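In order, the protein sequences belong to chains A and B. Here full-length UniProt numbering is used: position 157 in the first sequence is 157, and no number is missing along the way. Here full-length UniProt numbering is used: position 11 in the second sequence is 11, and no number is missing along the way. One structure is given below, encoded as structure tokens.
Protein chains: 2
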Amino acid sequence: MDLRVTPLGVQSQAVDKLREAIVSGHFQPGQRLVEAELCRLLGISRGSVREALRRLEGERLVVITPNRGPSVTELSWEEAVQIYDVRRLLEGEAAALAARRATAAQREEMEAALEAFEAAVAAEDALGRVGATACFYDLVLAACGNAVVDEILRGLHARINLLRSRSMSRQGRAPESARELRAILAAIRDRAPAAARKAAMLHVQAACAAAKEAMAERRVA
Amino acid sequence: MDLRVTPLGVQSQAVDKLREAIVSGHFQPGQRLVEAELCRLLGISRGSVREALRRLEGERLVVITPNRGPSVTELSWEEAVQIYDVRRLLEGEAAALAARRATAAQREEMEAALEAFEAAVAAEDALGRVGATACFYDLVLAACGNAVVDEILRGLHARINLLRSRSMSRQGRAPESARELRAILAAIRDRAPAAARKAAMLHVQAACAAAKEAMAERRVA
DNA sequence: ATCATAGGATTGTCAAACAATCCGAAGCTA
DNA sequence: TAGCTTCGGATTGTTTGACAATCCTATGAT
Numbered sequence: 001m002d003l004r005v006t007p008l009g010v011q012s013q014a015v016d017k018l019r020e021a022i023v024s025g026h027f028q029p030g031q032r033l034v035e036a037e038l039c040r041l042l043g044i045s046r047g048s049v050r051e052a053l054r055r056l057e058g059e060r061l062v063v064i065t066p067n068r069g070p071s072v073t074e075l076s077w078e079e080a081v082q083i084y085d086v087r088r089l090l091e092g093e094a095a096a097l098a099a100r101r102a103t104a105a106q107r108e109e110m111e112a113a114l115e116a117f118e119a120a121v122a123a124e125d126a127l128g129r130v131g132a133t134a135c136f137y138d139l140v141l142a143a144c145g146n147a148v149v150d151e152i153l154r155g156l157h158a159r160i161n162l163l164r165s166r167s168m169s170r171q172g173r174a175p176e177s178a179r180e181l182r183a184i185l186a187a188i189r190d191r192a193p194a195a196a197r198k199a200a201m202l203h204v205q206a207a208c209a210a211a212k213e214a215m216a217e218r219r220v221a
Numbered sequence: 001m002d003l004r005v006t007p008l009g010v011q012s013q014a015v016d017k018l019r020e021a022i023v024s025g026h027f028q029p030g031q032r033l034v035e036a037e038l039c040r041l042l043g044i045s046r047g048s049v050r051e052a053l054r055r056l057e058g059e060r061l062v063v064i065t066p067n068r069g070p071s072v073t074e075l076s077w078e079e080a081v082q083i084y085d086v087r088r089l090l091e092g093e094a095a096a097l098a099a100r101r102a103t104a105a106q107r108e109e110m111e112a113a114l115e116a117f118e119a120a121v122a123a124e125d126a127l128g129r130v131g132a133t134a135c136f137y138d139l140v141l142a143a144c145g146n147a148v149v150d151e152i153l154r155g156l157h158a159r160i161n162l163l164r165s166r167s168m169s170r171q172g173r174a175p176e177s178a179r180e181l182r183a184i185l186a187a188i189r190d191r192a193p194a195a196a197r198k199a200a201m202l203h204v205q206a207a208c209a210a211a212k213e214a215m216a217e218r219r220v221a
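Here it is as structure tokens:
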């Protein structure tokens, strides 16, 4: 077991901070990220900033246009649909694998996370909801045992967040969402891969539909 | 239509050359990539080399260990299996979408590419085979119309290539492979998404099994 | 009003430097 | 000889400064 504690280089911190700033909407999609500006904000040199930006480019959170530099990725609705398509497949797979492989302890943790989510829904605690959702997802992805699925889905979630910064609301859908997650967990507990896959795909499908509606509202607003 | 011709900055070229060197096996998996060395080989500055390496890290072709620097990714068999799992899903999806969306012209091109592949198989032209395969894949991915699937699969193919550098042989499987591809194309021509998905998944499954055998041979050798 | 031009802002790239870290090899000890 | 310590070279992480190439904008000319 490796208990190394790395002093966490300047760049890694920069990447984390920038990613956080982007997914949280502090930097709006389309906004240009001027290197000199980021140097000032982060207190690091241009070389490090550029490397950090390259990493975020790899995560598709930033687009670097030649001779124009970096800006926050703008996600078209068309591309968002494509992402949801892939998510449907991969989250279905992840759920199926989790149903087959999750240990008893992991099932317990999922149950706890889901209860936390339901509590947050009842309390209309938006922040708690996203935290609990993330926790639930982490557990499923850990249980599925496929690091590649994990890695890709993390990336896709971050990218979808680029949309959500504005259409966050939709809290009306939370109860449905809770029911969908519960269905997934039920299938995982029953060790029913096919059912888990179906439930997870349904959940993504619903999320996509909800995003579409939110998008339409935004469009007219 | 944008017919801009970009002078193609130093870094982009560096990334391309390094990627080529890696997937072609010129740099072996696990080999360390010393920055100063790459500066000499590429004739560019350290800053540019480092940015190029960051990009390749994003493509998972290079691993950068803190305070040890970059080296060519070593793909474990375990991880390769996970990649094949995802490929099965996504190539199935791509084939299904292509079956639904491909234009007549695209079907013709696929037919041509497949015939080229079969010709290369008959002529035992290994290089021609990989070229024709790549071409066929490009056409299917273009026809499927999902840029996210395209992008992810390209990445996964490159990563699987990290394995193949040694286990390239397996030319005995080429005729089977040709039959599998033909089955995919047949389904696409019939506009039968379900059949196309099934055929594509079968193809990946077979490729995975073949890789496993090649791996086992290597292991004992 | 339209076009050309100039100037500022920004990126792309290079060079040089230095501290921190890692790794191997020499030397010392038992 | 085996094992431990120490030392020094190699390599990375990061900074600073510089300059050409490119883009954008505002100014000025027709």
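All residues carry an ideal CB built from backbone N, CA and C; glycine is no exception. Model, not experiment: these values are computed from the prediction.
6 Å Cβ shell around A/Arg189 - same chain, five flanking residues per side excluded: Arg107
Entirely enclosed beta strand (DSSP E) segments - the stretch 35-71 of chain B, minimum 3 residues: 62-65
Reduced DSSP secondary structure (H/G/I, E/B, other) of B/Ser32: The amino acid occupying residue 32 of chain B in the given sequence is Arg; Ser does not appear at that position. DSSP places B/Arg32 in strand when its eight states are reduced to three.
Taking its Cβ as the centre, do 16 or more other Cβ atoms sit within 10 Å of A/Gln28, making it buried, or is it exposed? exposed
Report the rounded CA-to-CA distance for B/Leu97 versus B/Pro193, giving the unit in angstroms. 7 Å
Indicate the three-state DSSP secondary structure (helix, strand or coil) for A/Asn161 in the structure shown. helix
Looking only at its own chain, which residues have a Cβ that is under 8 Å from the Cβ of A/Glu180, when we skip the five neighbours before and after it? Ala199, Leu202, His203, Ala206
Collapsed DSSP secondary structure at A/Thr133 in the structure displayed: helix
Flag A/Ala147 as yes if its beta-carbon sits less than 8 Å from any beta-carbon of chain B, otherwise no. yes
Cutoff 7 Å; reference B/Gly92; Cβ partners in own chain excluding five residues on either side: Arg197, Ala200, Met201
Along the stretch 124-155 of chain A, where does the CB come closer than 7 Å to a CB of chain B? Name the residues. Asn146, Ala147, Val148, Val149, Ile152
Is there contact here, the stretch 122-133 of chain A with the stretch 3-17 of chain B, by at least three beta-carbon pairs under 8 Å? no
Cβ neighbour criterion (16 or more within 10 Å) applied to B/Ser177: buried
Can you pull the chain B neighbours of A/Asp85, defined as C-beta to C-beta under 8 Å? Glu93, Asn146, Val148, Val149
At a cut of 8 Å, does the stretch 142-156 of chain B reach the stretch 62-73 of chain B through at least three beta carbon pairs? no
At the level of alpha carbons, what is the spacing between A/Ala186 and A/Leu90? 19 Å
Under 7 Å between beta-carbons, which chain B residues line up against A/Pro66? List them in chain order, please. Thr6, Gly9
Chain-order list of residues whose beta-carbon lies under 7 Å from that of A/Leu75 (same chain, five-residue window excluded): Pro29, Arg159, Leu162, Leu163
Within its chain, find whatever has a CB closer than 7 Å to the CB of A/Phe117; leave out the 5 residues flanking it on each side and keep chain order. Arg129, Ala132, Thr133, Phe136, Ala178, Leu181
Of all Cβ atoms in chain B, is any one closer than 8 Å to the Cβ of A/Glu51? yes
Counting only Cβ-Cβ distances shorter than 8 Å, please list the residues of the stretch 22-56 of chain B near chain A, keeping chain order. Gly47, Arg50, Glu51, Arg54, Arg55
Per-residue DSSP class, three states only, for A/Arg197: helix
Starting from B/Gln82, find everything on chain A with Cβ-Cβ shorter than 8 Å and list it in chain order. Asn146, Ala147, Val148, Val149
Nearest candidate by alpha-carbon position, reference A/Cys144, set A/Arg191, A/Val72, A/Val15: A/Arg191
If we define contact as Cβ-Cβ less than 8 Å, is A/Leu162 a contact residue for chain B? no
From the DSSP output, in three-state form, read off B/Gly9 for me. coil
Mind reading off the beta-carbon distance from A/Val49 to A/Leu38? Whole number of angstroms is fine, and I expect it under 8 Å. 5 Å
In or out: A/Glu79 buried (at least 16 other Cβ within 10 Å) or exposed? buried
Helix, strand or coil at B/Glu124 [DSSP, three-state]: coil
Are any of the Cβ atoms in chain B nearer than 8 Å to that of residue 263 of chain A? There is no way to answer for residue 263 of chain A, as the model of chain A reaches only from 1 to 221.
Does any C-beta atom of chain A lie closer than 8 Å to the C-beta of B/Leu89? yes
Alpha carbon to alpha carbon, how far is B/Val121 from B/Asp150? 26 Å
What three-state label does DSSP hand A/Gly25 in the structure shown? coil
Apart from the five residues on each side of it in sequence, which residues of its chain come closer than 6 Å, Cβ to Cβ, to A/Arg87? Leu156, Val204
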